[in-house]
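One structure below.
Protein chains: 2
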Amino acid sequence: MGITKTEIFSAHENNLATIFKVLGHPARIAILQHILNQKACICNDLVEELGLAQATISQHLKELKNIGLIKGSIEGKSVCYCINSSVWSEIQLKMNQFFSQEFSLNECC
Amino acid sequence: MGITKTEIFSAHENNLATIFKVLGHPARIAILQHILNQKACICNDLVEELGLAQATISQHLKELKNIGLIKGSIEGKSVCYCINSSVWSEIQLKMNQFFSQEFSLNECC
DNA sequence: TTTTATTATCGTAATATTGCGATATAACAA
DNA sequence: TTGTTATATCGCAATATTACGATAATAAAA
């Protein structure tokens with residue numbers, strides 16, 4: 006037990022859940038918000054900005070990278086992270102498609 | 006360690022992350038999808054529909070109830086769960102407000 | 001009342017996540 | 001080369017999540 010039974014769900018359900026899961030941590034929301042505010046970002050900024058250790062920030066950045074929401078390029082000694090706008094839009098669209106589904110308003114409850 | 010440091014993030018960041026976290030499991034996405042398709046729902050249906058034990062389904066329903074996304078009313082022996090449309094819309098709006106934030110397109114990466 | 005059906009909760013095992021110190025890696029600076 | 005700075009990765013401890021059997025609670029049916 007303890008392991009999520011992904012095999013019993015559809016690819017779409019798993020995909021959507023994975024995206025939501027990555028967004029389901031305040032540090033990762035805060036990182037995205039910081040990048041949005043700064044227009045760009047360097048990891049070390051985040052260590053000062055948020056109150057988390059460098060190793061922890063790096064780990065969160067990796068998860069955001071895994072779903073393609075951010076991308077990073079090496080800029081000399083540091084790495085410049087920014088939003089991947091095409092993936093950003095795709096994710097927004099996916100979420101909206103899910104939430105825009107019609108449902109009967111004759112709520113039984 | 007192992008505990009999320011919610012105290013260092015804003016209420017808005019924590020709130021948004023909590024919503025995403027609840028949505029971040031394929032079983033919960035599947036449950037919502039089932040309710041959407043059926044227009045209404047009874048827990049026991051889900052046990053047959055999804056391949057999870059009754060206790061597990063009940064637990065997932067509880068988490069969806071915690072953020073107000075679904076509500077249930079007792080219908081004789083069973084419980085009728087359905088989407089709470091006002092919370093549903095609020096959540097969709099919150100997600101869109103986050104994803105609609107402007108960001109510079111002069112991506113550095 | 002007893003039985004049956006439905007859902008919730010408890011307890012627990014397995015696994016995942018979070019956070020961080022220590023260390024590795026890479027690139028520039030002296 | 002040696003030192004410095006920035007980031008990634010490893011390893012581990014603490015905590016959280018997932019799943020489920022067992023059982024409790026509730027309401028209708030017999």
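From first to last, the protein sequence lines are chains A and B. If you count the first sequence from 1, you need to add 5 to reach the numbering used here. If you count the second sequence from 1, you need to add 5 to reach the numbering used here. Heads up, the beta-carbon is just placed ideally off N, CA and C, and yes, glycines get one too.
Taking C-beta atoms under 8 Å as the contact rule, PHE14/A and ALA32/B qualify, at a distance of about 7 Å. Taking 4 residues as the minimum length, the alpha helix (DSSP H) runs contained wholly in the stretch 55-98 of chain B are 59-71, in order along the chain.
Counting along the chain, no alpha helix (DSSP H) covers LYS10/B, and no H or E run does either. Contact annotation: in the stretch 41-56 of chain B, residues whose CB is within less than 8 Å of a CB in chain A are LEU41, LYS44, ALA45, LEU55 and GLY56. The C-beta distance from GLY77/B to TYR86/B rounds to 4 Å, short enough to meet the 8 Å contact threshold.
Comparing C-alpha distances from SER90/B to each of ALA45/B, ALA35/B and HIS30/B shows the shortest one belongs to ALA45/B. Between HIS30/B and GLU54/B, the CB-CB gap reaches or exceeds 7 Å. In the same chain as LEU51/B, and ignoring 5 residues on each side of it, the C-beta atoms closer than 7 Å to its own belong to ILE36, HIS39 and ILE62, in chain order. Contact annotation for LEU66/B against chain A: no contact, minimum CB-CB distance about 13 Å [criterion: below 8 Å].
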